[in-house]
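Asks: Structure in structure tokens, see below.
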Amino acid sequence: MNIRSTSSTVLVLSIVSASFAAQAADQTEPVIVTATRTAQTADASVAPVIVIDQQTLQQNPGADVTDILRMYTGIEISRYGGPGQTTSVFIRGAESNHTLVMIDGVKINPGTIGSAALQNIDLSMIDHIEVVKGPRSTLYGSEAIGGVINIITKRRKSDGTDFSTEVGGGSYGTQQIRLSAHHHTDDRGAGIEISKIKSDGFPTKAGTTIDRGYDNLNLHLYGSKHVGDTDYEISHWQSTGNTQYLDFTNAPVDQDFENATTAITAKTTMTANWTSKLKLSHVSDKIDQNQNSDFAHTSRYAIDWQNDIQWTLQNLLTAGVYRSQEATNASVYGTGFDVDTYVNAVYLENVRTTQSTTLVTGLRFTHHQTFSDNTTWNVEYGVNLGSAFRLTLASNSGFRAPDSTDRFGFGGNPNLKPEKSQNSEIGLRYELSKTQRISLNVYRNKITDLAEYNNLTSTIENIGKVTITGSELVYQIMGQHWIGRASAMLQDPHNDINDTQLLRRSKHAYSLMLKYRGSTFDIGLEAYYSGTRPDIDINTYLPVTLDPYTLVNLNAQYRFTQTLSANLRIENLGDTDYQVASGYNTPGRSAYAELRYAM
Amino acid sequence: MRLGIQHFIATSVLTHTAIFAVWVSTQSHILQIPSAPSSAPGFEVVLLQANKSTHHIRHQTRSHKQIQTKIKPPQQLASTQTIESAPVAIPHAQNAATPSPAAELQRNELRDRVLSKIRTHLEQYFVYPLLAQREGWQGRVLLGFSVEADGKIRNIHIAAGSGYPILDTSAVSALSRVQNLYEATSWLQGRRLELQMPVIFRLQGG
């Protein structure tokens, strides 16, 4: 927060005779109190938050969410081939199912197995993405061990109507069409985005020759109305399509997918210092194999009632109650389950802010159907040291409830406890100037009770132990025309049981982003380097080391008129041959272009 | 499992009772925002101050002569120019006798000095309440107050609210913490000032 006085002096001369002094008041230039809009997911003044804006998302045709995320410090991906193939996101070296993914605050991770299908979320419906690194289970519950990805979808907030359409295509037979329309008047709003993506893809596995394609239809709708002191909203997102892949015998197979969220939200101002939000949501995550009867279905209803109470000017208390009821139903190679699971939770968080400090304290009690109560907490503190430095200290915990496959799949164990993590972190931020900043974060995240297959008992047990120590150094410049970021990530993702480096995670990665924003055109460069990563060989099942690689991408936008623009993106400019999962191909040099009309 | 539901309900009831209790206990002070004086108490204030101001007449007429020589012509020009572009109309004294330009200027200079002092003090105290930041609440609060001859800030009130009581409270609270302007006592020379100061709460980015 900073305060300044306007330079334009406003003087109001009061013509004062002494007898009138009581009524005529003098006035002066205003004092301006400014603050940065806060990220919805966490307070950036104490937590490491990455915000990816719409412009960045829009200027990357042919990319999906994970292609964009991997360029940010502390985020790594692995992928089983080209567009639409299963993609894992590792935040700060934690497991792929330790990344909580939300759409507008609603968790979309499936309850069956694995992680959220980020590869299916089309960029055109996204307003911005917030990523919070480190455990954040106190506010968001299970899975928030490595971090949280919150995808905020588009809403029109100012009065008016807009319309846009995009047509594009590129390498690997990629074709894409998008339509969007939004309308807003003082008390109501509505919007729709539809997109269709189709790609012929490329052979997913090294040494194979059959292209594996992908098609995806995305739909996002919302309608909102303001009545009295309350905002009501109904919103829906869905992604449906088909992904072709190769099975373990390299035979061409395919599966249909459906990911959807529907939410009804009522948000009201109870009193001048208390807002209350009630959110009812339904999430669906379905995969159906077309060559056999394998499937995995998750259907989850959740209710979240959150209250924000500014009980003094310095203290904001968040208190909430959460309940979810989840039905998971799956069959994989003959092993299947059909179970219902409920989770109840209450959470409290207080944020105390003064001009130079922020103190966050939080507590959550979770009751999960299969294990007794679990408590998570967090304490985060940020303080300004002088005008340029900010120091942050944090200790926070996270957990992951066992999924249905852990409990009832092959080797399943219904008595599993949650996986737990305890993170400690110290951060230092230095503002070099108004447009330049350097930040350093050092952390240690200890994860215990990891659910792993025990060969001796042929059962999944809470036997895994992992310690991830890491540091992230980021330099950022946000000038009028030049925007840039250079970062280094050093980490030790260490398996404490067998003293090895965790699979598919590197010990160091570097990234560079540089963008020029001109009056009619923008041009950007991205470069990413990842060190060696251990993996298991796809054919021999023996340990293997994946080679380091450098990936360079280019993107550009040209604005012909106010309404017409073109986007271009070249991925893997150097045509580097690399793997992020043993035996699986990655895109070579490829190009995508898109024409956009917006009014 | 049955135990779980009971536990959940019990914890939930407890939590909400706690929230309610906290809320009730905080309601009493957080929302007590002094509003613009209504006509009845305002009248009282005027009466009280009318008495005081008779003293001021004497003081002022004396001090005018002392400071007159220090006033520079460019300042006078600047002041007159800005009067016309003043964005907020202030109820001027309809029956006020036109004072000498020297008297006006002296008063302006005094007022500017006092306000600039207040602003310096205020900068340490302003808080943009987090709820307002999260909800995107922005606005302009017009604070009214008086600076007494002894440097004490009195009669702090909202001359015009922002539409968000939290922002109004925050502005009043910041000014209340200034309390005293001992430095100003010597400039005031026994006079009191009736002042207004706009405070703008504005969110940036995102």
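Protein sequences appear in the order of chains C and U. Heads up: the first sequence begins at 1 in this note's numbering, then just goes up one per residue. Heads up: the second sequence begins at 600 in this note's numbering, then just goes up one per residue. For glycine and all other residues, C-beta sits at the position ideal for the given N, C-alpha and C. Being a predicted model, the structure only gives us computed values, none of them experimental.
1) For lysine 716/U, which three-state DSSP category applies?
2) So the alpha helix (DSSP H) alanine 345/C belongs to, where does it begin and stop?
3) Taking beta-carbon pairs under 7 Å, can you tell me which members of the region 390-403 of chain C lie near chain U?
4) Between the beta-carbon of glutamine 476/C and the beta-carbon of glutamine 436/C, is there less than 8 Å?
5) Mind pulling the chain C residues with CB within less than 7 Å of glutamate 734/U?
6) Between the region 775-787 of chain U and the region 758-767 of chain U, do three or more beta carbon pairs fall short of 8 Å?
7) Report the residue from Thr86/C, His282/C and Asp308/C whose alpha carbon sits nearest the alpha carbon of alanine 731/U.
8) If we ignore side chains and look at the alpha-carbon of each, how far apart do isoleucine 717/U and leucine 792/U end up?
9) Which residue's Cα is closest to the Cα of lysine 751/U: Pro728/U, Ile757/U, Ser785/U and Gly762/U?
10) Under a three-way DSSP split, which group does tyrosine 80/C fall into?
11) Can you give me the C-alpha to C-alpha distance between leucine 363/C and glycine 382/C, rounded to a whole angstrom?
12) Who does tyrosine 578/C pair with in a DSSP beta bridge?
13) If you reduce the DSSP assignment to three classes, tell me which class alanine 783/U lands in.
14) Closer than 8 Å, CB to CB, is threonine 36/C near chain U or not?
15) Cβ atoms of isoleucine 75/C and valine 89/C: under 8 Å apart, would you say?
16) Does the distance from the CB of threonine 532/C to the CB of aspartate 547/C come in under 8 Å?
17) Given a limit of 8 Å on CB to CB distance, which residues of the region 791-802 of chain U reach chain C?
18) Relative to chain B, which residues along the region 710-726 of chain U have a C-beta separation below 7 Å, given in chain order?
19) For glutamine 289/C, which residues from the same chain have a beta carbon less than 6 Å from its beta carbon, with the 5 sequence-adjacent residues on both sides left out?
20) Strictly below 8 Å CB to CB, what residues from chain U border proline 30/C?
21) Excluding sequence positions up to five away, which residues of its chain have a Cβ less than 6 Å from the Cβ of valine 559/C?
22) Spatial neighbours of glycine 583/C within its chain, please: CB distance less than 6 Å, with the 5 preceding and 5 following residues excluded, ordered by chain position.
23) Spell out whether any CB of chain C is found under 8 Å from the CB atom of threonine 784/U.
24) Taking only beta carbons into account, state which residues of the region 294-327 of chain C come closer than 9 Å to chain U, listed in chain order.
25) Could you tell me whether the Cβ atoms of aspartate 231/C and isoleucine 152/C are closer together than 8 Å?
26) For leucine 741/U, count the other beta carbons within 10 Å of its own beta carbon; 16 or more makes it buried, fewer makes it exposed. Which is it?
27) Using a Cβ cut-off of 8 Å (strictly closer), state whether serine 590/C contacts chain U.
28) Indicate whether at least one CB of chain U lies closer than 8 Å to the CB of alanine 272/C.
29) Report all residues from its chain with a CB closer than 7 Å to the CB of serine 331/C; omit the five preceding and five following residues, and keep chain order.
30) If you draw a straight line from the alpha carbon of phenylalanine 202/C to that of serine 397/C, how long is it in whole angstroms?
31) Express the C-alpha separation of serine 224/C and methionine 599/C in angstroms, rounding to a whole number.
32) Going along the chain, which residues of the region 345-363 of chain C sit with their C-beta nearer than 8 Å to a C-beta in chain U?
33) Buried or exposed: methionine 489/C, going by 16 or more other Cβ atoms within 10 Å of its Cβ?
34) Is histidine 98/C helix, strand or coil by DSSP?
35) Under the three-state reduction of DSSP, which class applies to glutamate 722/U: helix, strand or coil?
36) Does glycine 760/U come within less than 8 Å of chain C when only Cβ atoms are used?
Replies: In short, the structure shows the following:
1) helix
2) Segment 335-353 is the beta strand (DSSP E) holding alanine 345/C; no alpha helix (DSSP H) there.
3) none
4) yes
5) Thr275
6) no
7) Asp308/C
8) 13 Å
9) Ser785/U
10) coil
11) 18 Å
12) Paired residues: none, contrary to the question.
13) helix
14) yes
15) yes
16) yes
17) Arg791, Leu792, Glu793, Leu794, Gln795, Met796, Pro797, Val798, Ile799, Phe800, Arg801 and Leu802
18) As a matter of chain content, chain B is missing from the structure shown, whose protein chains are C and U.
19) Gln255
20) Arg739, Met796, Pro797, Val798 and Ile799
21) A quick correction: the sequence has arginine, not valine, at residue 559/C. Excluding positions up to five away in sequence, the list reads Thr520 and Ser565.
22) Lys205, Ala206 and Ile538
23) no
24) Asn307, Asp308, Ile309, Gln310, Trp311, Thr312, Leu313, Gln314, Asn315, Leu316, Leu317, Ala319, Gly320, Val321 and Arg323
25) no
26) buried
27) no
28) yes
29) Ser293, Asp294 and Phe295
30) 41 Å
31) 22 Å
32) Val346, Leu348, Val351, Thr353, Thr354 and Gln355
33) buried
34) helix
35) coil
36) no
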